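*Asks:* Numbering-wise (our numbering), the sequence shown opens with residue 10 and increments by one.
All residues carry an ideal CB built from backbone N, CA and C; glycine is no exception.
None of these values were measured; they are calculated from a predicted model.
Take a look at the following structure, please.
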Amino acid sequence: MLITQLTEQLATKFPYNWNLPPDLTKGILTTNQAFLLAKELKKSPQEVAVNLASEIQQFFESQNLDFVATALGPYINIDFNEKGLQNYFYKNKVDTISPTNTSKILLEYFSPNVGKKMHIGNIRTANIGESLRRILSLKYINVITNNHLGDWGIQFGFLIWGVSHIEKLGLGLNGIDWNNENSDETVNVLQKIYVRVNELTETNDEIKKECQVTARELELDFGNNPNGEIESTWRKIIDVSIKSYTSAEGYLGLNVLSDDQLSRENDIDLEQFRGKEGLWQYNNNHKNGQFDVIIGESFYQYFMKEIRNLANASSKEFAGLDFIKTEGDAIYADLEGDGLGRCYLVSSDGYSIYAARDVLARFVWAGSFNTSIHISIADNRQNHTFQQSFKVIQKIIQSGYYGDRPFGLLTQKQTDTALQALSQDSLNHVSFGFMSLPEGAMSTRKGTVLLFETVKNLLEKEVESVLIEKNPEVKINPEFNQKVQKIAVAALKWQDLSKDRDQDIIFDVKQVTKFEGNTGVYQLYTLARISNILRKNETTNKLDPENIIMLNPTEVEILKKIYQLPYALEGVIDNLKPHILCNYLYEFTTMVNSWYAEYSVAREEDSHRKDALLHLCFRIKIHIAYCLILLGIEPIESL
């Protein structure tokens, strides 16, 4: 029985606040319910605890559950009984959560901005999103992944103008090789163009106006002139960017699926939109290493008419839509009464604003994917924007405007599905702090970013240096280089995930690659140590459940800590915070390393105890590896 199943069983008769005890010698669960009941029962907390423990023990015995309840002062502790500990020790698989929840989740993450090199800030959403995808998939049968590509906005006017006037930028470039197989190089050129054009527009109003005109023409002619210079250049920028980002997805192990996950249907319906601009990828079934859908912001231009319809309905005094206002060509939602100010949907120049696409996207997702939970992962500087967008959606639904009319290109059935899902408080913004350079926040516009490629190279160089220092005789070959890459990724991901996602982070390459302390390398090092024990020692394969008596108290505590994993996983799911699992794993590996320093399996003379220790090592090994996989880190059994 999983620890989460145990708490559910207890809740049927003892619906108390059950927690993990700080001291594993006291058990696997604890509650202070006696404190809360003492005054009501007019008894001391200690006396109440004794009585409750007795009742719980009787419950265990009546249900044939192999646990024991004891009172320790005012606390009630739950632990394995001898038989329960024996049976749990004998297991040879990881305890985890079963996918029983049928609610469909739309998980939006990664979402880089087209035409720009990926920086370390972009990677936070990738790392957090991938870990949440893996952990949410343990409980939810259907998790749909969406890469909400940043392929629209006024910045494309600047970029397209720069490509068209590349020889005038003073960058020593005569053109762009769109067929270059190294898409990273092409995106690097595009970023240089973007930065240079921004520099020029700061002092040249004429160039700035030409860029704005280009952006306006792209928006007005969207989908009508695919072979025209502006839209053709825009599409080339997107194609080369997606190719570049795909290599980063592979490096970070995004959307790596288990056989079980591959067998699940994603059950999404976008056939009516196939072939339209902005729908860059659409998989009818889950595919390993791929997002289920890549839908760019540009796709929602097909729905922009709805924003204007809402504004027109508001001007005609349609009940409930009076919060939609017009001001010249601008359209905005007046959220002053909700403490959120004005949410602009269309600018005074007629451009669609990000918030408009945000609102439109949620209706399309809920209607097309039939999803009841929507999670978007973006940095906390966008908190206000998401609050505004979610409030606009709520007010549109409450107005009843779409009660008898379809939402844009959605069918009426899809519209009804969207209205039902979005009215259930289903929208979630998973925020995170941002990476910064020592001199402050990053700016793509000014070019002062810490690029992902730079971080990757710094990490790999540092890891290689450390490995060679520890083993000067190591052979530098493709296998070694692959190991360096895996360790570098582990270091980067642990840096991201081990801290509460709302915290800001200053990148420190030497700190994150240390072999000791709270680092990803330390987790791999612990796994390698245990794997080495199993490689060098043979078991007699005569393990008996009663060998549990051969384990000392420290080893029993390690076993109990293993048992607590599902509790940590539920914590991640409830709070959408991967650092809860990292905290758990770091506590566990610290316990394991302390034990490793004190006891030797190889020198154990008692064959029964040695078999017991080797089985414990096996449990430790698969446990650490499993936790790392859930965090998106590939286990390595030898460093």
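Quick one: what's got a C-beta closer than 7 Å to E646's C-beta in the same chain, skipping five residues either side?
*Replies:* Cβ within range, chain order: L536, A537, S540.
*Asks:* Per DSSP, which residues does E274 bridge with? Please list them.
*Replies:* Bridge partners of E274: N294.
*Asks:* For R143 versus L648, is the C-beta spacing smaller than 8 Å?
*Replies:* No, they are not a contact pair.
*Asks:* If I406 sits next to L428, beta carbons under 8 Å apart, how far is it from one beta carbon to the other, in whole angstroms?
*Replies:* Correct: roughly 6 Å between the Cβ atoms.
*Asks:* Looking at the ligand SAH, does it come within less than 7 Å of L266, judged from the CB to the closest heavy atom?
*Replies:* With respect to the ligand SAH, the structure shown offers nothing to examine, as it has no ligands at all.
*Asks:* Using the Cα positions of G93 and I567, report the straight-line distance between them to the nearest angstrom.
*Replies:* Rounded to whole angstroms, G93 to I567 spans 15 Å at the Cα level.
*Asks:* Out of curiosity, what's the CA-to-CA distance linking K619 and L147?
*Replies:* Those two C-alpha atoms are separated by around 34 Å.
*Asks:* Which whole-angstrom value describes the C-beta separation of I382 and S112, a residue pair presumed to lie in contact below a C-beta threshold of 8 Å?
*Replies:* That belief holds up - the Cβ atoms of I382 and S112 are roughly 6 Å apart, short of 8 Å.
*Asks:* Quick one: what's got a C-beta closer than 7 Å to V152's C-beta in the same chain, skipping five residues either side?
*Replies:* Excluding sequence neighbours, V152 sits near I114, L116, R142, L145, S146.
*Asks:* Classify A375 as buried or exposed, calling it buried when 16 or more other Cβ atoms lie within 10 Å of its own Cβ.
*Replies:* Buried, since its Cβ has 16 or more Cβ neighbours within 10 Å.
*Asks:* Could you give the distance in angstroms between the alpha-carbon of I202 and the alpha-carbon of S173?
*Replies:* Near 10 Å, if we compare the C-alpha coordinates of S173 and I202.
*Asks:* Return the chain-ordered list of same chain residues with a C-beta closer than 7 Å to the C-beta of F489, the five sequence neighbours on each side being excluded.
*Replies:* The residues are V483.
*Asks:* Report the residue from K492, S272, N234, E240 whose alpha carbon sits nearest the alpha carbon of I150.
*Replies:* Among K492, S272, N234, E240, the Cα nearest to that of I150 belongs to S272.
*Asks:* Check whether the Cβ atoms of P587 and V581 lie closer than 8 Å to each other.
*Replies:* It is a contact, given that the beta carbons lie within the stated cut-off.
*Asks:* Output yes or no for whether 8 Å exceeds the beta carbon distance between N389 and S440.
*Replies:* Yes, Cβ-Cβ distance for N389 and S440 is below 8 Å.
*Asks:* If you run the structure through DSSP and keep just helix, strand and coil, what is D511?
*Replies:* The answer is coil: DSSP assigns D511 none of H, G, I, E or B.
*Asks:* Are C636 and L590 touching if we call contact CB-CB under 8 Å?
*Replies:* Yes, these two residues count as a Cβ contact at 8 Å.
*Asks:* Return helix, strand or coil for G350, following the three-state DSSP convention.
*Replies:* Strand.
*Asks:* Under 8 Å, with one C-beta from each stretch per pair, do the segment 151-165 and the segment 299-314 reach the 3-pair mark?
*Replies:* The segment 151-165 is in contact with the segment 299-314.
*Asks:* How should D104 be labelled, buried or exposed, when 16 other C-beta atoms within 10 angstroms of its C-beta is the threshold for buried?
*Replies:* It counts as buried.
*Asks:* Measuring only the C-alpha atoms, how far is E286 from Y118?
*Replies:* Looking at the two C-alpha atoms, the distance is approximately 20 Å.
*Asks:* From L622 to E91, what does the alpha carbon distance come to, in whole angstroms?
*Replies:* Roughly 18 Å between the two C-alpha positions.
*Asks:* Where are the beta strand (DSSP E) runs, 3 residues long or more, that stay fully inside the segment 425-504, in chain order?
*Replies:* DSSP runs (the beta strand (DSSP E)) wholly in the segment 425-504: 436-441.
*Asks:* Compare the C-alpha of L178 against each of Y353, R205, D517 and name the closest.
*Replies:* Out of Y353, R205, D517, R205 has the C-alpha closest to the C-alpha of L178.
*Asks:* From this set, R544, Q512, P108, K252, which residue's C-alpha is nearest D269's C-alpha?
*Replies:* The option with the nearest alpha carbon to D269 is P108.
*Asks:* Of all the options L533, N546, E547, which has the alpha carbon lying nearest to the alpha carbon of I631?
*Replies:* Of the listed residues, the one whose Cα sits closest to I631 is L533.
*Asks:* Following the continuous beta strand (DSSP E) through V401, name the residue where it begins and the one where it ends.
*Replies:* Taken as a continuous stretch (DSSP letters only), V401 belongs to no beta strand (DSSP E), being part of the alpha helix (DSSP H) at 392-408.
*Asks:* Using a Cβ-Cβ cutoff of less than 7 Å, which residues in the same chain neighbour Y341 once the five nearest sequence positions on both sides are dropped?
*Replies:* Around Y341: K334, R351, C352, Y353, L354.
*Asks:* Measuring only the C-alpha atoms, how far is G259 from D509?
*Replies:* Looking at the two C-alpha atoms, the distance is approximately 25 Å.
*Asks:* Anyone know if the C-beta pair for D517 and G442 falls short of 8 Å?
*Replies:* Contact: no.
*Asks:* What does a CB cutoff of less than 6 Å around R366 pick up in its chain, not counting 5 residues either side in sequence?
*Replies:* Once the five neighbours on either side are set aside, the close Cβ partners of R366 are E306, Y309.
*Asks:* For the segment 130-209, which segments carrying the alpha helix (DSSP H) assignment without a break, of at least 4 residues, lie completely within its bounds, in sequence order?
*Replies:* If we require 4 residues or more, the alpha helix (DSSP H) runs fully inside the segment 130-209 come out as 164-173.
*Asks:* Label D9 either buried or exposed according to how many other C-beta atoms from any shown protein chain fall within 10 Å of its C-beta, with 16 as the threshold for buried.
*Replies:* Outside the shown range of the chain, which is 10 to 648, sits residue 9, and nothing can be said about it.
*Asks:* Between the C-alpha atoms of F416 and S324, what's the straight-line distance to the nearest angstrom?
*Replies:* About 19 Å.
*Asks:* Pop quiz: A387 and T134 are said to be a contact at Cβ under 8 Å. What is the actual Cβ separation, rounded to whole angstroms?
*Replies:* At roughly 6 Å, the Cβ-Cβ gap stays under 8 Å, so A387 and T134 are in contact.
*Asks:* Would you grab the beta carbon distance between V493 and E473 for me? Rounded to a whole angstrom, and I think it's under 8 Å.
*Replies:* Going by Cβ atoms, the distance from V493 to E473 rounds to 5 Å, so yes, they are a contact pair.
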